[in-house]
Ligand SMILES: CC(C)(COP(=O)(O)OP(=O)(O)OC[C@H]1O[C@@H](n2cnc3c(N)ncnc32)[C@H](O)[C@@H]1OP(=O)(O)O)[C@@H](O)C(=O)NCCC(=O)NCCS
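In my numbering, the protein residues as written are 100 to 269.
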């Protein structure tokens, strides 16, 4: 399988925040944003693997800034590292200023997707070759995040998470 770059999976989804998608403070409801991020991440995972993909875990979500009703929101998702059958998808969420059109980053999240065959069995995905400094930084840290996610899910013993443990030893 030919390695791919993050730009080959990069997915941009732009949409408005409608009144039915807000909380009582008239800001975007968290669950609505999670769903939008899941959809963008799913497309990015599919573009990288060209397989059916499923959400295995949501590793990190930061709702840094409220997004008011009427905002134009862009969810940007790309594969940040591919392992054997799983892929880490890094998601940046941008809001466009109503008057100036300037974009500011409001949220980010990290999801893990797994490519599966017709029976739902995990299947190998192509490797990822990061290109830009940011892509390389995210690629490097992804193994530690995978180990943390597996430890928290009870699927890896802490003592086996060597790269994760190393950052606490420095
Ligand atoms: C995701 C799923 C395919 C994993 O199946 P599994 O039997 O645990 O398979 P494995 O143990 O071989 O794991 C497959 C890969 O997922 C990774 N993985 C599993 N759980 C993970 C977690 N919590 N965090 C990070 N990675 C995880 C494994 O490390 C492995 O990665 P690798 O092959 O790249 O090393 C399976 O649990 C599943 O189908 N879950 C339901 C998915 C779904 O319906 N999602 C939508 C929810 S609404």
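Backbone N, C-alpha and C define an ideal beta-carbon position, used for all residues, glycine too. Quantities reported herein were computed from a predicted structural model and do not represent experimental measurements.
(message) Can you list, in chain order, the residues of its chain with a C-beta nearer than 6 Å to that of residue 148? Leave out the 5 residues immediately preceding and following it.
(response) Here the question's residue 148 lines up with position 49 in the chain shown. Taken in chain order, the residues that qualify are 214, 224.
(request) Could you tell me whether the Cβ atoms of residue 245 and residue 187 are closer together than 8 Å? (result) Here the question's residue 245 lines up with position 146 in the chain shown. Here the question's residue 187 lines up with position 88 in the chain shown. Cβ distance < 8 Å, so residue 245 and residue 187 count as in contact.
(request) Have a look at residue 110 and residue 242 and give me their C-alpha separation to the nearest angstrom. (result) The residue given as residue 110 occupies position 11 in the chain shown. The residue given as residue 242 occupies position 143 in the chain shown. Straight-line Cα distance between these residues: approximately 22 Å.
(request) Below 8 Å on the Cβ atoms is my guess for residue 210 versus residue 114; work out the distance and round it to an integer in Å. (result) On the chain shown, position 111 is the one that residue 210 refers to. On the chain shown, position 15 is the one that residue 114 refers to. So it is not a contact: roughly 18 Å between Cβ atoms.
(message) Against chain C, does residue 194 count as a neighbour if the rule is that its beta carbon must be under 8 Å from one of theirs?
(response) As a matter of chain content, chain C is missing from the structure shown, which is built from one protein chain.
(request) Tell me residue 179's beta-bridge partners as DSSP assigns them. (result) Position 80 of the chain shown, counted from the start, is the residue given in the question as residue 179. Note: residue 179 sits in no beta bridge, so no partner.
(request) Determine, using beta carbons only, whether residue 208 and residue 160 come nearer to each other than 8 Å. (result) Start at 1 with the first residue of the chain shown, and residue 208 comes out as number 109. Start at 1 with the first residue of the chain shown, and residue 160 comes out as number 61. Yes. Within cutoff.
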